[in-house]
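Chemist: The first sequence stops at residue 747 when you use our numbering, and every number in between is there.
Backbone N, C-alpha and C define an ideal beta-carbon position, used for all residues, glycine too.
My questions all concern the structure below.
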Amino acid sequence: MATDSTLLEGLTDPQREAVVHHEGPMLVLAGPGSGKTTAVTRRIALLLERGVSPWSILALTFTNKAAGEMRERVRRLTGGRDTRGLTIATFHAFAARQLRMASDRLGVPEDFTIFDAADQKAAAKQAVIEAGLETSNWPPASVLSAIGQAKQQLLGPEEVERNAGDFYTRSVARIYKAYQKILKRSHALDFDDLLRLLATALRDDASLREQLGSRFAYLMVDEYQDTNHAQFVIASAIAASHGNICVVGDPDQSIYAWRGADISNILDFESQYAGATAISLGQNFRSTEHIVQASSGLIAHNESHRARTLHTELGAGDRPILFASLDEHAEAKEVVDRFKRLHDEDSIPWNEMAVLYRMNAFSRVVEDAFRTAGVPYLVARGTAFYQRKEIKDAMAYLRLLRNEADDISLRRIINVPTRGIGGTTMDHVERFAARHDLSLMAAIRRRSEIEAISRRAATSIDRFLAMVDGWHRAMSASLMMPSLAELVARVLDESGLEKAHRAKPGGEEDTERIANLQELVSAAADRDALQDVDRDDQMPTGLEVQLAAWLEAIALVADADTIDPEQGAVTLMTLHAAKGLEFDAVAIIGCEQGVLPHSRAFDDLSQLEEERRLCYVGMTRARRRLLLGRAMSRTQRGIQERQAGSQFLDEIPPEAVRVLEPEDPWASASRVRLDVHPGQPVRHPRFGLGRVVRFGRRPQGATVTVDFVEFGARTLPAAHAALEPTDASDPAF
DNA sequence: ACCTGCGGGTTTTTT
DNA sequence: ACCCGCAGGT
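Below you can see the structure in the form of structure tokens.
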């Protein structure tokens with residue numbers, strides 16, 4: 015290996031060691047900003063340079079964004095070299111592809127669609143009904159969480175049933191069974207199925223294990239601390255024959271235990287693979303000293319934290335600022351003001367700033383503040399567009415075109431827009447379908463056999479079928495085959511979806527929804543344009559296949575995937591979505607007990623520690639500037655409550671931060687009190703005469719409650735209530 | 001068949 | 001505060 019080239023330039027010793035590592039298991043413990051992506055991508059490039067076929071390299075990530083970035087950086091490092099066959103993909107996309115390729119062998123329908131969260135919810139609801147249980151006792155969220163847990167442990171419905179002792183578990187098993195039946199007859203898999211089915215196939219089928227193991231002779235797994243059991247099994251199986259597995263991660267950044275991530279996967283790596291090389295990347299190339307100190311000081315409070323030192327050579331930098339605002343609006347404004355200053359005075363571009371929060375619900379107030387300030391912002395919610403009602407409707411038509419067994423989609427759009435196929439008719443169809451074990455679409459196609467269906471409904475059904483079949487014919491036309499965009503436009507038009515929003519009977523048209531539908535056509539056109547580039551399966555593709563691939567890509571997008579650093583806008587996102595990203599300036603809002611840490615984590619130490627890691631992840635996104643904000647009062651779910659500062663703020667070493675004095679919410683309390691007392695008659699410029707009832711305290715300030723003669727009892731801010739003491743002999747009393 | 005208004009429930013985080 | 005399901009009216 016004389017010419018290991020420029021790939022080793024400018025690396026620290028541990029980084030270099032990781033990059034040159036050729037064969038055998040390797041664990042890379044990579045703290046925040048320690049250049050792990052650099053190490054991984056250079057290692058891939060070096061493997062290629064050493065003559066390893068791109069075909070035999072597999073790198074698995076969690077988000078498309080991470081995969082895309084890795085792909086891009088490898089491409090840059092390898093220059094013009096041919097990297098076809100190199101697989102860098104998310105676990106889910108990889109699993110979907112493998113399942114598709116081995117579908118007949120694995121007993122998976124070849125044309126399966128992937129159920130998104132909303133589909134899963136609908137299916138779960140249906141499953142509860144089919145299991146003969148009350149939907150009121152079985153909220154879909156908890157049903158799905160129970161099923162998801164089982165799936166991650168690779169347990170099928172039968173196994174859950176076999177191990178079921180109490181009524182609850184037995185019921186879960188029944189619902190699980192019904193749920194799988196629905197998925198099966200819908201030719202659908204959910205997210206967990208993708209991993210579970212591949213994992214069990216690899217576990218049970220030696221030849222498949224052999225096949226993937228020999229194809230992917232070099233395996234890399236990113237964010238290994240966040241792998242769940244199914245992902246662990248997949249990775250272990252692929253590496254079983256050759257042991258060339260390189261995992262990269264950081265136990266301190268494990269933030270997905272709640273969805274099954276098992277931190278012992280990374281902690282036990284060295285005992286799983288005897289003789290594994292372990293490398294720790296300890297230099298932080300991202301953040302300045304105070305930020306490193308503050309975040310390290312916080313994470314040291316975790317019992318599970320293994321002591322280690324991170325150092326930076328980027329200088330002391332500014333201390334992170336801790337501030338407390340009166341309420342969430344003031345907090346948002348504070349962030350906006352400070353960001354504006356950073357933009358104007360320190361020339362930090364908007365796209366180098368981010369606001370992070372614990373819950374998506376927090377984005378609204380921040381958005382409002384940015385909008386009023388005229389600062390460009392972008393909410394990282396990749397799925398938001400595809401979750402809009404009108405888009406979901408349109409997508410349901412497309413999904414039905416792709417997979418007629420998709421009952422959930424059919425149910426969604428059969429009468430949207432209304433075309434005279436209502437609940438009564440569908441009840442008959444459902445019953446017929448259940449009796450003959452058919453999908454709803456198949457049942458509709460045999461509508462002449464369903465006698466209960468009225469003449470009118472029958473005509474409507476025929477019209478619907480003619481429309482759908484017209485689309486099918488267009489799609490398979492060998493000449494004049496439409497593009498995806500044309501297909502979408504046609505569906506929007508002929509289904510009447512677009513028209514429904516255009517000429518609303520009430521009056522004005524819904525321009526926003528129409529614009530969104532147009533945007534869907536554009537998205538399809540983008541996909542059409544992408545078609546020839548960036549696809550390693552260069553098979554001739556019919557429209558059916560393109561549609562399938564597009565729908566799959568949409569099903570697998572994550573929130574973080576949409577972050578587009580090219581645009582000059584501040585990014586707003588959850589702390590979870592921020593993992594793996596970095597910005598010059600970061601603000602974390604809602605640093606309050608009950609928010610961060612979330613109240614649901616209070617009673618469990620391991621959950622509390624995960625919250626602390628979440629805070630740590632957020633803080634370590636910042637290169638130079640870090641703001642930690644909290645509101646002393648916050649309105650959540652319609653009720654305003656006092657908020658205590660997060661315990662995490664107290665755990666940060668005080669010498670590493672600058673604490674701004676909070677405004678005193680009671681400051682104005684004394685001002686009015688002198689002149690009036692409870693029971694005293696007063697006069698108000700607007701409400702007229704009344705009597706003081708009591709004084710109150712709210713986080714925004716002191717209040718005074720007055721019972722007005724004309725207007726009844728009113729609570730006013732004491733500071734601004736221009737009350738004049740008056741005489742009880744006033745004629746109005 | 002569809003719309004409207006009311007009441008009950010409420011998992012934060014996501015592939 | 002908001003979403004969802006259901007009852008009752010059009």
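(1) Is Ser660 near Pro611, with beta carbons less than 8 Å apart?
(2) Between Ala145 and the rest of its own chain, which residues show a CB-CB distance below 6 Å, the 5 nearest in sequence each way excluded?
(3) Check whether the Cβ atoms of Leu570 and His201 sit closer than 8 Å, and answer yes or no.
(4) Taking Ile362 as the reference, give the member of Ala160, Ala636 and Asp282 with the closest Cα.
(5) Using CA coordinates, which residue listed in Ala567, Ile335 and Asp282 is at the minimum distance from Met409?
(6) Tell me which residue opens and which closes the beta strand (DSSP E) that Ile335 is part of.
(7) From the DSSP output, which residues share a beta bridge with Phe709?
(8) Give the straight-line distance between the Cα atoms of Glu738 and Thr719, rounded to the nearest whole angstrom.
(9) Kindly indicate which residue of Ala103, Asn177, Ser70 and Thr92 has the alpha-carbon position closest to the one of Thr77.
(10) Would you kindly work out how many angstroms separate the C-alpha atoms of Leu324 and Ser310, rounded to a whole number?
(11) Rounded to whole angstroms, what is the Cα-Cα separation between Ala81 and Thr75?
(12) Considering only residues of the same chain and omitting the five flanking positions on each side of Arg385, which have a CB-CB separation below 8 Å?
(13) Could you pull the DSSP bridge partners for Thr75 from this structure?
(14) Looking only at its own chain, which residues have a Cβ that is under 7 Å from the Cβ of Arg461, when we skip the five neighbours before and after it?
(15) From what residue to what residue does the alpha helix (DSSP H) around Gly227 run?
(16) Determine the direct distance from the alpha carbon of Pro265 to that of Leu43, and round the result to whole angstroms.
(17) Let me check understanding here. Comparing Cα to Cα, which of Asp721, Gln297 and Arg217 lies closest to Asp27?
(18) Given Tyr411, which residues of its chain have a CB within under 7 Å of its CB, disregarding the five upstream and five downstream residues?
(19) Strictly by DSSP, which residues pair up with Gly146?
(20) If you compare alpha carbons, which of Ser492, Leu454 and Ser490 is closest to Leu479?
(21) Identify the residues that DSSP records as bridge partners of Ser294: which are they?
(22) Can you tell me whether Ser492 is buried or exposed? The criterion is at least 16 other CB atoms within 10 Å of its CB, across all chains shown.
(23) Identify, in the order they occur along the chain, each residue of the same chain with its Cβ nearer than 8 Å to the Cβ of Val174, setting aside the five sequence neighbours on each side.
(24) Going by C-alpha distance, which of Thr302, Ala346 and Asp332 is nearest Thr326?
(25) Please classify Ala736 as buried or exposed, where buried requires at least 16 neighbouring CB atoms within 10 angstroms.
(26) Measure the Cβ-Cβ separation of Leu295 and Lys50 and say whether it is below 8 Å.
(27) If you run the structure through DSSP and keep just helix, strand and coil, what is Met115?
(28) Less than 8 Å between C-beta atoms, sequence neighbours within five positions excluded: which residues of the same chain meet that for Gly702?
(29) Please give the ranges of any alpha helix (DSSP H) in the stretch 256-324, keeping only runs that are unbroken, at least 4 residues long and fully inside the region.
(30) For Phe616, is the classification buried or exposed, using 16 other Cβ atoms within 10 angstroms of its Cβ as the cut-off for buried?
(31) If I follow the unbroken beta strand (DSSP E) through Met373, where does it start and stop?
(32) Spatial neighbours of Gly257 within its chain, please: CB distance less than 7 Å, with the 5 preceding and 5 following residues excluded, ordered by chain position.
(33) Using the Cα positions of Arg10 and Leu120, report the straight-line distance between them to the nearest angstrom.
(34) DSSP beta-bridge partners for Phe597?
(35) Check Gln239 in the structure and name its three-state DSSP category.
(36) Excluding five sequence neighbours on each side, which residues of the same chain lie with their C-beta closer than 8 Å to the C-beta of Leu414?
Modeler: Short version:
(1) Taking the first sequence and counting its residues from 1, the one referred to as residue 660 is at position 646. Taking the first sequence and counting its residues from 1, the one referred to as residue 611 is at position 597. In this structure, Ser660 lies near Pro611, with their beta-carbon atoms less than 8 Å apart.
(2) For the purposes of this step, residue 145 is taken as the residue at position 131 of the first sequence. Within the same chain, Cβ atoms closer than 6 Å to the Cβ of Ala145 are found at Arg188, Ile189 and Ala192, the five residues on either side in sequence being excluded.
(3) Counted from its first residue, the first sequence places residue 570 at position 556. Counted from its first residue, the first sequence places residue 201 at position 187. No, they are not a contact pair.
(4) Locating residue 362 in the first sequence gives position 348, where the first residue counts as 1. Ranking Ala160, Ala636 and Asp282 by CA distance to the CA of Ile362 puts Ala636 first.
(5) Against the first sequence, residue 409 aligns to sequence position 395. Per the Cα distances, Ala567.
(6) Along the first sequence, one-based indexing puts residue 335 at 321. Ile335 to Asp341 is the extent of the beta strand (DSSP E) around Ile335.
(7) As a working mapping, residue 709 is identified with position 695 in the first sequence. DSSP, once it has assigned bridges, lists Val718 as partnering Phe709.
(8) For this step, residue 738 is matched to residue 724 along the first sequence. For this step, residue 719 is matched to residue 705 along the first sequence. Each residue's Cα considered, the two are about 14 Å apart.
(9) Residue mapping note: residue 77 aligns to position 63 of the first sequence, counting from 1. The residue among Ala103, Asn177, Ser70 and Thr92 with its C-alpha nearest the C-alpha of Thr77 is Ala103.
(10) Looking up residue 324 in the first sequence gives position 310. Looking up residue 310 in the first sequence gives position 296. Using only the alpha carbons, I get a separation of about 8 Å.
(11) Against the first sequence, residue 81 aligns to sequence position 67. Against the first sequence, residue 75 aligns to sequence position 61. Approximately 6 Å, taken between the alpha carbons.
(12) Along the first sequence, one-based indexing puts residue 385 at 371. Once the five neighbours on either side are set aside, the close Cβ partners of Arg385 are Tyr391.
(13) Against the first sequence, residue 75 aligns to sequence position 61. Thr104, per the DSSP bridge assignment.
(14) Counting from 1 along the first sequence, the entry for residue 461 is found at position 447. Excluding residues within five positions, the ones whose Cβ falls inside 7 Å are Ile467, Ala472 and Ile475.
(15) Mapped onto the first sequence, residue 227 falls at position 213. Per DSSP, Gly227 belongs to the alpha helix (DSSP H) from Ala220 to Arg229.
(16) Start at 1 with the first residue of the first sequence, and residue 43 comes out as number 29. Start at 1 with the first residue of the first sequence, and residue 265 comes out as number 251. Distance between the alpha carbons of Leu43 and Pro265: 8 Å.
(17) What you label residue 27 is simply residue 13 of the first sequence in a count that begins at 1. Taking Asp27 as reference, the option from Asp721, Gln297 and Arg217 with the minimal CA-CA separation is Gln297.
(18) Sequence index remark: in the first sequence, residue 411 carries index 397 (1-based). For Tyr411, the CB contacts under 7 Å within the same chain, skipping 5 residues up- and downstream, are Ile427, Val505 and Ser509 in chain order.
(19) Looking up residue 146 in the first sequence gives position 132. Answer is none; Gly146 lacks a bridge partner.
(20) Mapped onto the first sequence, residue 479 falls at position 465. Relative to the Cα of Leu479, the nearest Cα in the group Ser492, Leu454 and Ser490 belongs to Leu454.
(21) Within the first sequence, numbered from 1, the residue matching residue 294 stands at position 280. Paired residues: Leu43.
(22) Numbered from 1 along the first sequence, position 478 holds the residue referred to as residue 492. Looking at its Cβ environment, which holds fewer than 16 other Cβ atoms inside 10 Å, Ser492 is exposed.
(23) As a working mapping, residue 174 is identified with position 160 in the first sequence. Around Val174: Ala164, Thr183, Val186, Ala187 and Tyr190.
(24) Counting from one through the first sequence, the residue named residue 326 turns up at place 312. Out of Thr302, Ala346 and Asp332, the CA that lies nearest to the CA of Thr326 is found in Thr302.
(25) Within the first sequence, the letter at position 722 stands for residue 736. Exposed.
(26) In the first sequence, the residue the question calls residue 295 occupies position 281. In the first sequence, the residue the question calls residue 50 occupies position 36. It is a contact, given that the beta carbons lie within the stated cut-off.
(27) In the first sequence, counting from the first residue as 1, residue 115 sits at position 101. Correct three-state label for Met115: helix.
(28) By 1-based counting over the first sequence, the position of residue 702 is 688. Excluding residues within five positions, the ones whose Cβ falls inside 8 Å are Phe722, Val723, Glu724, Phe725 and Ala746.
(29) With a minimum length of 4 residues, the continuous alpha helix (DSSP H) runs that stay inside the stretch 256-324 are 278-281, 283-286 and 303-313.
(30) The sequence position of residue 616 within the first sequence is 602, counting from 1. Exposure of Phe616 is indicated by the presence of fewer than 16 other C-beta atoms within 10 angstroms of its C-beta.
(31) Position 359 of the first sequence, counted from the start, is the residue given in the question as residue 373. Boundaries for Met373: no beta strand (DSSP E) harbours it, and the DSSP string shows neither H nor E there.
(32) Within the first sequence, the letter at position 243 stands for residue 257. The residues are Gly38, Pro39 and Tyr287.
(33) Here the chain covers residues 15 to 747 and nothing more, so residue 10 does not appear.
(34) By 1-based counting over the first sequence, the position of residue 597 is 583. Partner(s): Ala636.
(35) Taking the first sequence and counting its residues from 1, the one referred to as residue 239 is at position 225. Helix at Gln239.
(36) In the first sequence, the residue the question calls residue 414 occupies position 400. Taken in chain order, the residues that qualify are Asp420, Ser423, Leu424, Ile427, Met455 and Val482.
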